[in-house]
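Residue numbers (numbering that gives the first Met the number 0), protein chains in the order written: chain A, 0 to 281; chain B, 0 to 91.
Ideal placement from N, C-alpha and C gives every residue a C-beta, glycine not left out.
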Amino acid sequence: MRGEGSAQSRRTARQELENETLLARLSAAPSPSKQRSSLEERIIARNIGLVKSIAARFASSGEPLDDLIQAGYIGLLNAVANYDLARNTRFSTYATHLIQGEIRHYIRDRHSTIRVPQWVQTMNRRIKLAEENFFQEHGQPPTLRELGQALELNEAQLAALLRGRDAMTYVSIDKERRTSDPNPSPPSLEEILPESQALPLDTRLRIVAAIEQLAAMQQHIVQGLFYQGKSQSEVGEELGISQRQVSRIKDRALDELRNTLLSLDPSDRGQEEPKEPEGTEN
Amino acid sequence: MKHTADVDLLSLIGRAIEELRLSIGRFEDADREAALAHLGTVVAAIDSYLERLDRDPLLRLAPIPPSEVRDGLTRIRGDLDEVIAAHDAAAP
């Protein structure tokens with residue numbers, strides 16, 4: 000047994016050495032470059048087993064193992080992007096921390112009653128979707144650069160987003176760390192991405208999140224109009240208006256909906272302003 | 000977007016989405032004032048609608064619980080308010 004243990008230790012030590020060696024080369028590689036992408040891929044491939052073993056520890060959460068692995072994979076990407084050789088922390092230690100954080104973050108999102116800001120949820124959903132699409136198309140997980148391309152972000156921005164997700168985990172669920180900072184504030188992406196932009200990313204995500212919520216509400220209402228509900232006469236009686244008025248209101252609302260759905264992308268419309276509403280009959 | 004007190008929910012949503020898209024466009028054009036004006040219009044329209052939500056026939060035809068709609072719109076309004084406040088605070 001001792002012999003097996005020693006062999007395992009040697010293997011682990013060799014892997015650590017190779018991780019750190021690859022990461023040293025990565026930090027020296029120009030960005031973007033093929034060399035950099037290749038190094039990232041090698042580091043990720045070398046450590047995907049770590050993601051699987053950590054994800055297995057969370058099997059009792061009730062979430063599918065594949066989903067936990069996917070969440071953990073984001074943590075690994077984050078670790079590769081942000082590992083600092085100068086800190087003298089082993090990469091596996093650092094990566095384990097971030098992989099666990101992502102998996103806990105994922106589980107928390109599925110089960111928690113804590114309200115996560117909409118822009119964070121939107122960001123998480125987009126990262127997950129981009130990762131899934133890439134995997135389906137290429138049969139392997141994306142590198143940081145490839146994930147960034149899919150999300151129309153450069154590597155620095157994506158790395159900052161992933162750091163922001165980790166910070167959000169810290170704010171929301173990491174009780175042990177919270178004891179040393181009981182009232183941490185969630186970071187904004189403006190803090191994370193200090194460069195000046197006409198449309199900061201968190202503003203865009205918040206507005207997009209509002210659009211998505213409104214669209215979901217719109218869909219809910221349309222389904223209700225066609226598949227359930229009271230009669231127009233009943234509603235007219237309740238509101239003190241005629242059945243005909245109710246019918247007109249419904250028809251006009253559906254016309255508005257159709258116009259909205261058929262409208263061009265606003266970026267194609269230059270300075271066009273929205274239409275003024277008409278009056279209603281009730 | 001005129002936020003009269005007689006807009007039904009579907010119309011409100013359709014026009015709010017359009018305003019929000021326009022707001023993104025103005026931000027991208029670096030016209031922050033116009034972008035915030037679009038956001039402010041949506042907030043005002045939601046406020047106006049919330050005052051008369053119980054009189055909207057569409058909610059009864061659907062039917063969608065008014066409390067659900069109120070909560071959803073209030074949440075969206077709050078998010079947009081935060082965006083406006085953040086940009087107001089950052090204004091030179």
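- Spatial neighbours of B/His37 in its own chain (CB-CB distance under 6 Å, excluding positions within 5 residues in sequence) are listed in chain order as Glu18, Leu21, Ser22.
- Three or more pairs of CB atoms, one per stretch, sit closer than 8 Å, so the stretch 130 to 143 of chain A contacts the stretch 26 to 43 of chain A.
- DSSP, read as helix, strand or coil, puts A/Tyr93 in helix.
- Under the criterion of beta carbons closer than 8 Å, A/Glu101 and A/Ala70 qualify as touching, at roughly 5 Å.
- With a threshold of 16 other beta carbon atoms within 10 Å, A/Gln217 meets it and is buried.
- Per the C-alpha coordinates, the member of A/Ala58, A/Gln244, A/Ala214, A/Glu233 positioned closest to B/Leu72 is A/Ala214.
- Considering only beta carbons, the part of the stretch 39 to 63 of chain B lying closer than 7 Å to chain A consists of Arg54, Pro56, Leu57, Arg59, Leu60, Ala61, Pro62, Ile63, in chain order.
- Closest in alpha carbon position to A/Ala54, among A/Asn87, A/Arg24, A/Thr88, A/His104, is A/His104.
- In the structure shown, the three-state DSSP call for A/Lys33 is helix.
- Contact between the stretch 78 to 87 of chain B and the stretch 240 to 260 of chain A is absent: fewer than 3 CB-CB pairs across the two stretches fall below 8 Å.
- A/Asn153: not part of any alpha helix (DSSP H); DSSP gives it neither H nor E.
- Look at the beta carbons and you see the stretch 77 to 85 of chain A touching the stretch 20 to 28 of chain A: at least three pairs across the two are nearer than 8 Å.
- At a C-beta separation below 9 Å, B/Leu35 has no neighbours in chain A, since its nearest C-beta there lies roughly 10 Å away.
- Identification of chain B residues near A/Thr202 by a Cβ-Cβ cut-off of 8 Å yields Phe26, Val82, Ala85, His86, ordered along the chain.
- Comparing alpha carbon positions, the residue from B/Val42, B/Asp46, B/Leu35, B/Arg74 closest to A/Thr202 is B/Leu35.
- Per DSSP, the continuous alpha helix (DSSP H) segment holding B/Ser10 begins and ends at 8 to 27.
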